[in-house]
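Numbering (the numbering used here), first residue to last: 1 to 239.
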């Protein structure tokens with residue numbers, strides 16, 4: 001459980017050590033559930049907001065450095081739909097600045113010490129984006145393979161990125177994130193010849209955790225893979 005936000009409630013497994021006594025505190029767990037319940041209500045409000053503007057929303061999650069921003073920078077060359085991006089980082093507006101420099105409508109959320117975006121943060125950002133001008137809104141979550149998985153931000157689909165340099169073992173190490181995914185994107189696939197990363201092993205791990213999830217192998221340097229990803233987004237638009 002994250003000691004800062006209490007966003008994940010773990011379950012007992014054999015040979016697992018729980019060092020946080022709050023996990024056994026009923027009052028603490030009640031507060032956590034109350035926070036998550038309020039967040040879920042706000043998340044549905046966000047979905048209603050997207051629906052009113054006929055905008056499809058996708059939540060992009062991953063560890064830091066997996067290539068979320070680079071993917072969004074390049075995607076406009078392949079995706080026919082107009083899109084905006086809500087960026088989440090602890091500090092700086094560097095990612096939003098990169099996208100704006102490419103002519104992409106982007107708004108930066110600085111979370112401070114928070115390790116994830118929540119529905120309330122995303123709602124606030126929506127007031128700074130003209131949804132009438134876009135077909136898709138991407139939420140680029142804070143780089144973290146743990147906390148963002150526990151918070152519904154009001155999008156329609158969850159996309160999890162896993163880069164080749166991170167290793168294929170991350171799927172089983174961070175199962176909550178990958179269980180929540182509608183699509184897993186293996187990024188930086190041009191580096192496969194240089195790293196010990198097995199696409200087959202990644203598929204095998206995913207099939208155990210989330211049998212219905214889709215998997216795409218992508219590199220921003222490979223136009224065919226980017227076209228495939230753009231097609232996926234086009235086919236999974238809600239409106």
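Glycine included, each C-beta is placed from N, C-alpha and C at the ideal position.
*Inter-residue Cα distance where the pair is residue 10 and residue 147*: In this prediction, residue 10 has a pLDDT of 41, which is less than 50 and means its spatial position is unreliable; what the coordinates show is noted afterwards. C-alpha separation (whole angstroms): 12 Å.
*If you count every other CB in all the chains shown that lies within 10 Å of the CB of residue 88, and 16 or more means buried, which is it?*
Within 10 angstroms of the beta-carbon of residue 88 lie 16 or more other beta-carbons, which makes it buried.
*asked:* I'd like to know if the stretch 115-126 and the stretch 166-182 are in contact, where contact means that at least 3 CB-CB pairs between them fall below 8 Å.
replied: By the C-beta criterion, the stretch 115-126 is judged not to be in contact with the stretch 166-182, since fewer than 3 inter-stretch pairs fall below 8 Å.
*Tell me residue 138's beta-bridge partners as DSSP assigns them.*
Beta-bridge pairing links residue 138 to 58 and 85.
*Ignoring anything shorter than 3 residues or poking outside the stretch 76-125, list the beta strand (DSSP E) runs there in chain order.*
Listed in chain order, they are 83-89 and 105-110.
*Determine the DSSP secondary structure at residue 238, reduced to helix, strand or coil.*
Residue state for residue 238 is assigned as coil, using DSSP reduced to three classes.
*For residue 205, count neighbouring C-beta atoms within 10 Å of its own C-beta (all shown protein chains included) and say buried if the count is 16 or more, exposed if not.*
The residue is buried, with at least 16 neighbouring Cβ atoms inside 10 Å.
_contact_flag[the stretch 101-120, the stretch 48-57] where n(CB pairs < 8 Å) is 3 or more_ = Judged by Cβ distances under 8 Å, the stretch 101-120 makes no contact with the stretch 48-57, as fewer than three pairs qualify.
*Pull up the DSSP beta-bridge partners for residue 157, would you.*
Answer is 58.
*In angstroms, rounded to a whole number, what distance separates the CA positions of residue 232 and residue 195?*
For the pair residue 232 and residue 195, the Cα-to-Cα distance works out to about 27 Å.
*Starting from residue 166, follow the alpha helix (DSSP H) in both directions and report where the run begins and ends.*
Here residue 166 belongs to no alpha helix (DSSP H), and DSSP marks it neither H nor E.
*Tell me, please, whether the stretch 54-63 touches the stretch 154-164 by the rule of three or more beta-carbon pairs shorter than 8 Å.*
Taking 8 Å as the limit for Cβ pairs, the verdict is that the stretch 154-164 does touch the stretch 54-63.
*asked:* Which same chain residues end up closer than 6 Å to residue 276 when comparing Cβ atoms and leaving out the 5 residues on each side of it in sequence?
replied: Shown here, the chain extends from 1 to 239; a query on residue 276 therefore has no answer.
*asked:* What does the alpha-carbon distance come out to for the pair residue 79 and residue 45?
replied: Rounded to the nearest angstrom, the two C-alpha atoms are 27 Å apart.
*asked:* Using 8 Å for Cβ pairs, my map puts residue 90 next to residue 65. What's the rounded Cβ distance?
replied: Incorrect: roughly 14 Å between the Cβ atoms, too far for contact.
*Simplified DSSP state of residue 185, which is helix, strand or coil*: Residue state, collapsed to three classes: strand.
*In this structure, does DSSP put residue 192 in helix, strand or coil?*
Three-state result, residue 192: helix.
*asked:* Our contact map puts residue 217 next to residue 186 with C-beta atoms below 8 Å; I'd like the distance itself, whole angstroms only.
replied: Contact flag correct, Cβ pair sits at about 5 Å.
*What is the DSSP secondary structure of residue 225, reduced to helix, strand or coil?*
Residue state, collapsed to three classes: helix.
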